[in-house]
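Everything on this sheet refers to the single structure shown next.
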Amino acid sequence: MSKINLSVDIAGIKMQNPVTTASGTFGFGLDYLDYFDVNQLGAVVTKTITINRRMGNPPPRIIETPSGLLNSIGLANPGIDEFIQSTLLDLEHIKAPIIVSIAGDTEEEYVELAERLDKVDKIAGIELNVSCPNVRMGGIQFGVCPEQVNRLTKASAAATQKPLIVKLTPNVTDIVEVACAAVEGGARSLSLINTLLGMSIDINKRKPVLANNVGGLAGPAIRPVAVRMVWQVAQAVDVPIIGVGGICDYRDALEFIMAGAASVGVGTWNFVNPTACVDIIEGLRCFCLEQGVKDINELVGCSWK
Amino acid sequence: MGQAPKCFLGVNGMKANVKVMANFRVKENYYLMELQRPEVAKNARAGQFIHARCKDSKDPLLRRPFSIYSLDSDKGRIKILYEIKGMGTELLSKYKEGDFLDIMAPLGNGFNLEGNISSAILVGGGIGGAPLMALAESLKGRGINRIYFLVGAQSKDKLIPTVDFESLGVNVITATDDGSEGHRGYITDLLPMKLKESSEGCTVFACGPRPMLKAVAQICARKNIPCQLSLEEIISCGVGACQGCVCKVKDNDTETYHRVCLEGPVFDSGEVVWDV
Chain A
18 MSKINLSVDI
28 AGIKMQNPVT
38 TASGTFGFGL
48 DYLDYFDVNQ
58 LGAVVTKTIT
68 INRRMGNPPP
78 RIIETPSGLL
88 NSIGLANPGI
98 DEFIQSTLLD
108 LEHIKAPIIV
118 SIAGDTEEEY
128 VELAERLDKV
138 DKIAGIELNV
148 SCPNVRMGGI
158 QFGVCPEQVN
168 RLTKASAAAT
178 QKPLIVKLTP
188 NVTDIVEVAC
198 AAVEGGARSL
208 SLINTLLGMS
218 IDINKRKPVL
228 ANNVGGLAGP
238 AIRPVAVRMV
248 WQVAQAVDVP
258 IIGVGGICDY
268 RDALEFIMAG
278 AASVGVGTWN
288 FVNPTACVDI
298 IEGLRCFCLE
308 QGVKDINELV
318 GCSWK
Chain B
150 MGQAPKCFLG
160 VNGMKANVKV
170 MANFRVKENY
180 YLMELQRPEV
190 AKNARAGQFI
200 HARCKDSKDP
210 LLRRPFSIYS
220 LDSDKGRIKI
230 LYEIKGMGTE
240 LLSKYKEGDF
250 LDIMAPLGNG
260 FNLEGNISSA
270 ILVGGGIGGA
280 PLMALAESLK
290 GRGINRIYFL
300 VGAQSKDKLI
310 PTVDFESLGV
320 NVITATDDGS
330 EGHRGYITDL
340 LPMKLKESSE
350 GCTVFACGPR
360 PMLKAVAQIC
370 ARKNIPCQLS
380 LEEIISCGVG
390 ACQGCVCKVK
400 DNDTETYHRV
410 CLEGPVFDSG
420 EVVWDV
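Respectively, the protein sequence lines represent chains A and B. Quick note, the first sequence lines up with residues 18 to 322 if you use our numbering. Quick note, the second sequence lines up with residues 150 to 425 if you use our numbering.
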């Protein structure tokens, strides 16, 4: 079994396996210490950090839908100062590469965040969240416009030497266009997809369930959409892709890998099965063993190559 | 550099498939489930909860939180009292003795029993009465014998079973909105009178619908009686990662959101901000 290579290289970030945590579903990697050794992960992708501390949106913030979770958290986070001064110290114990997700209200904020994180050795890469559907400024308003994504990526890439990953929103007409704009702007990897904009109404109260009215749909319900988008984007760009969207087990992970993702992010399913990530790593290993695959990289994009 | 991790690295430390020892209907839509889980029975506190995967499925997707109803450390068993309300609880009611249930437990902070408590008034609305049974057991175990359980519901059939409280020697007082049992009206109508009778060291503990908790908090604030509230929320991850289950609290001079699953579900009534 030891002969099988599961390690992947995402824009220079060496991961011992392709499995990461989707931003916003794993806190800063400390909430699951009771459940498994997070150092088994390919990488940890943190909750999105902003310049200032954000309380997040008022509750209710979540509602379950068929095979899905509709959420509007609103980028609740301690802000960059506390993250660097305090949270990072707790992350000293995590040896897996740490990718920090960032979002800003303005281009200047993205640049400032990238500059500040650039100086932190502990951080392996930066993920630009240009796709959060739950905040008024920043987030998705950038992510739906190829020119904005291009400009924002260029500016952020100029501010850091670290690998820059751009997280794309599915709430666009043509995700390939946005993906290409990000790569042209200097994205060294793409992560897709963020949540799909959705809504649920309480028929007894005759009002939207979520206080923010709308939210992002995540979970198994969105997986086919995500697989399709990875498949499209992978054929159009030459940077590695982190495939995210409703992954629950190694079979789901393999769908993304075969669609063209070099790495996969597990999100909502962490909430259901806190050991999902390690179960998937083991499942991938067994699959490769059974199928005679010596290197998982052989499978990347094999559905269209 | 850095602080030690808040918990040592364990493997599946708090998630387990546990054996169902009993699962039966107590009355109407109320069911009682008994689980064999010595680690939890020994270490859990009243007010903490278990996070159960009612079915190995994608729909329902999320786990469902159930507060602990009773802890038996000698037998290594825990009980939950639950009400069939939707898909998750419906599925849970189908479990048979000998089946295994996937749970994460114990989660949350639990009631704070430190300090000078000489008597306790427990206020429960609907299924919110469930964690107050484990609390009554704990209080009894600490030699606190003057315990009142004020329990309310819309109607007689929606009142949680109170026989276990009575067996423990708790004074049970009921109220129903329609007057089909006990006082006609809200259970909180009866709280001021009970507080008047109470003496130094009386603490109020409440769990139930938000309007009831708000009323309890206001009554206790007026009389300057310490009060702890266990909040009900939709809980997704149960460990603080997703930030989905927040409630607004006062933190020094500012307002912030705390996670019901991690910093809660029990809050000091003075902390909670009632604007939503």
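Beta carbons are placed, not taken as given, at the ideal position from N, Cα and C, and that holds for glycine. The structure presented is a predicted model; accordingly, all values stated were derived computationally and were not measured.
With 16 other Cβ atoms within 10 Å as the buried cut-off, status of A/V303:
If you number the first sequence from 1, residue 303 of chain A lands on position 286. Note that residue 303 of chain A is Cys in the sequence shown, not Val. So A/C303 counts as exposed.
Straight-line Cα distance separating A/L58 from B/L378
Position 229 of the second sequence, counted from the start, is the residue given in the question as residue 378 of chain B. Position 41 of the first sequence, counted from the start, is the residue given in the question as residue 58 of chain A. Distance between the alpha carbons of B/L378 and A/L58: 38 Å.
State yes or no: is the beta carbon of A/R78 nearer than 7 Å to at least one beta carbon in chain B?
Residue 78 of chain A sits at position 61 when you count from the first residue of the first sequence. Taking Cβ atoms only, chain B reaches closer than 7 Å to A/R78, which makes this a yes.
Does A/D51 get closer than 7 Å to chain B when you measure Cβ to Cβ?
Position 34 of the first sequence, counting from 1, holds the residue named residue 51 of chain A. Yes, because at least one Cβ of chain B sits closer than 7 Å to the Cβ of A/D51.
Around the C-beta of A/R268, are 16 or more other C-beta atoms found within 10 angstroms, so that it is buried, or is it exposed?
Looking up residue 268 of chain A in the first sequence gives position 251. Result: exposed.
Within 8 Å, do at least three Cβ pairs link the region 233-245 of chain B to the region 163-183 of chain B?
yes
For B/I322, name the three-state secondary structure that DSSP assigns.
Here residue 322 of chain B refers to the residue found at position 173 when the second sequence is read from its first residue. It is a strand residue.
For A/T63, which residues of its own chain have a beta-carbon under 6 Å away from its beta-carbon, when the five flanking residues on both sides are left out?
Numbered from its first residue, the first sequence carries residue 63 of chain A at position 46. Answer for A/T63: F45, V117 and S118, listed in chain order.
Per DSSP, the bridge partner or partners of B/C391:
Residue mapping note: residue 391 of chain B aligns to position 242 of the second sequence, counting from 1. DSSP, once it has assigned bridges, lists no residue as partnering B/C391.
Please classify A/G263 as buried or exposed, where buried requires at least 16 neighbouring CB atoms within 10 angstroms.
Position 246 of the first sequence, counted from the first residue, corresponds to residue 263 of chain A. With 16 or more Cβ atoms within 10 Å of its Cβ, A/G263 is classed as buried.
Would B/G196 and B/G259 be called neighbours here (beta carbons separated by less than 7 Å)?
For the purposes of this step, residue 196 of chain B is taken as the residue at position 47 of the second sequence. For the purposes of this step, residue 259 of chain B is taken as the residue at position 110 of the second sequence. Their beta carbons are under 7 Å apart, which means B/G196 touches B/G259 by this criterion.
Does the Cβ-Cβ distance between A/A228 and A/P77 come in under 7 Å?
Translated into positions along the first sequence, residue 228 of chain A becomes position 211. Translated into positions along the first sequence, residue 77 of chain A becomes position 60. Yes, they are a contact pair.
Within 7 Å of any Cβ in chain A, is that where the Cβ of B/D313 sits?
Mapped onto the second sequence, residue 313 of chain B falls at position 164. No, because no Cβ of chain A sits closer than 7 Å to the Cβ of B/D313.
Taking the beta carbon of B/N401 as the centre, do at least 16 other beta carbons fall within 10 Å, making it buried, or is it exposed?
Sequence index remark: in the second sequence, residue 401 of chain B carries index 252 (1-based). So B/N401 ends up on the exposed side.
Please list, in chain order, all residues of the same chain as B/D248 whose beta carbon is under 6 Å from its beta carbon, the five residues on each side excluded.
Translated into the one-based positions of the second sequence, residue 248 of chain B becomes position 99. Excluding sequence neighbours, B/D248 sits near V169.
What residue range does the beta strand (DSSP E) around B/M253 cover?
One-based indexing of the second sequence puts residue 253 of chain B at position 104. Residues F249 to L256.
Kindly say whether A/P95, judged by its beta-carbon, lies nearer than 7 Å to any beta-carbon of chain B.
Translated into positions along the first sequence, residue 95 of chain A becomes position 78. No, no contact with chain B.
Which runs of the alpha helix (DSSP H) at least 4 residues long sit entirely within the region 278-353 of chain B? Give them in chain order.
279-290, 312-316 and 340-346
Tell me which residues of the region 291-303 of chain A have at least one Cβ-Cβ distance to chain B shorter than 7 Å, keeping chain order.
P291 and T292
Could you pull out every unbroken alpha helix (DSSP H) segment of at least 4 residues lying fully inside the region 147-204 of chain A, listed in chain order?
157-160, 163-176 and 192-201
Go to A/Q33, then tell me how far its beta strand (DSSP E) extends in each direction, as first and last residue.
Numbered from 1 along the first sequence, position 16 holds the residue referred to as residue 33 of chain A. From DSSP, A/Q33 is part of no beta strand (DSSP E); its letter is neither H nor E.
Please return the same chain residues whose Cβ sits closer than 6 Å to the Cβ of A/I90, not counting the five positions on each side in sequence.
Along the first sequence, read from residue 1 onward, the residue named residue 90 of chain A stands at position 73. Excluding residues within five positions, the ones whose Cβ falls inside 6 Å are G73 and R78.
Return yes when the Cβ of A/A279 is within less than 7 Å of the Cβ of A/V226, no when it is not.
Walking along the first sequence from the start, residue 226 of chain A turns up at place 209. Walking along the first sequence from the start, residue 279 of chain A turns up at place 262. Not in contact: A/V226 and A/A279 (Cβ atoms no closer than 7 Å).
Identify, in the order they occur along the chain, each residue of the same chain with its Cβ nearer than 7 Å to the Cβ of A/N146, setting aside the five sequence neighbours on each side.
In the first sequence, counting from the first residue as 1, residue 146 of chain A sits at position 129. The residues are S40, T65, S118, I119, A120, G156 and K184.
First through last residue of the alpha helix (DSSP H) which encompasses B/Q377
As a working note, residue 377 of chain B is residue 228 in the second sequence. No alpha helix (DSSP H) holds B/Q377; the beta strand (DSSP E) holding it covers C376 to S379.
State buried or exposed for A/Q308, treating a residue as buried only when at least 16 other CB atoms are found within 10 Å of its CB.
On the first sequence, residue 308 of chain A is found 291 positions in, with the first residue counted as 1. A/Q308 comes out exposed.
Between A/S208 and A/V283, which are expected to be in contact by the criterion C-beta below 8 Å, what is the C-beta distance as a whole number of angstroms?
Here residue 208 of chain A is taken as the residue at index 191 of the first sequence, counted from 1. Here residue 283 of chain A is taken as the residue at index 266 of the first sequence, counted from 1. Between A/V283 and A/S208 the Cβ distance is about 13 Å, and since that is not below 8 Å, they are no contact.
Closest to B/A141 by C-alpha separation, out of B/T325, B/P358 and B/A193, would be which residue?
As shown, chain B starts at 150 and ends at 425. That puts residue 141 of chain B outside it, with no answer to give.
Tell me A/M216's beta-bridge partners as DSSP assigns them.
Taking the first sequence and counting its residues from 1, the one referred to as residue 216 of chain A is at position 199. In DSSP, A/M216 forms a bridge with A/V231.
Can you name the residues of chain B whose CB is closer than 7 Å to the CB of A/M72?
Position 55 of the first sequence, counting from 1, holds the residue named residue 72 of chain A. Neighbours of A/M72 on chain B, chain order: T405 and Y406.
Which of helix, strand or coil does DSSP assign to A/S103?
Against the first sequence, residue 103 of chain A aligns to sequence position 86. Reduced to three states, the DSSP call for A/S103 is helix.
Closer than 7 Å, CB to CB, is B/K164 near chain A or not?
To locate residue 164 of chain B, count along the second sequence from 1; it is residue 15. Closer than 7 Å: yes.
Closest Cα partner of B/I217 within the set B/S418, B/E420, B/P414 and B/D424
Stepping through the second sequence from its first residue, residue 217 of chain B is reached at position 68. Minimum Cα distance to B/I217 is reached at B/P414.
So is B/P280 buried or exposed if we call it buried at 16+ other beta carbons inside 10 Å?
The residue you call residue 280 of chain B lines up with position 131 of the second sequence. Buried is the call here.
Taking the straight line between their C-alpha atoms, what separation do you get for B/V421 and B/G357?
Along the second sequence, one-based indexing puts residue 421 of chain B at 272. Along the second sequence, one-based indexing puts residue 357 of chain B at 208. Cα-Cα distance, rounded: 14 Å.
Taking only three categories from DSSP, how would you classify A/G57?
As a position in the first sequence, residue 57 of chain A is number 40, starting the count at 1. Inspection of the sequence shows that residue 57 of chain A is occupied by Gln rather than by Gly. Three-state DSSP puts A/Q57 in a helix.
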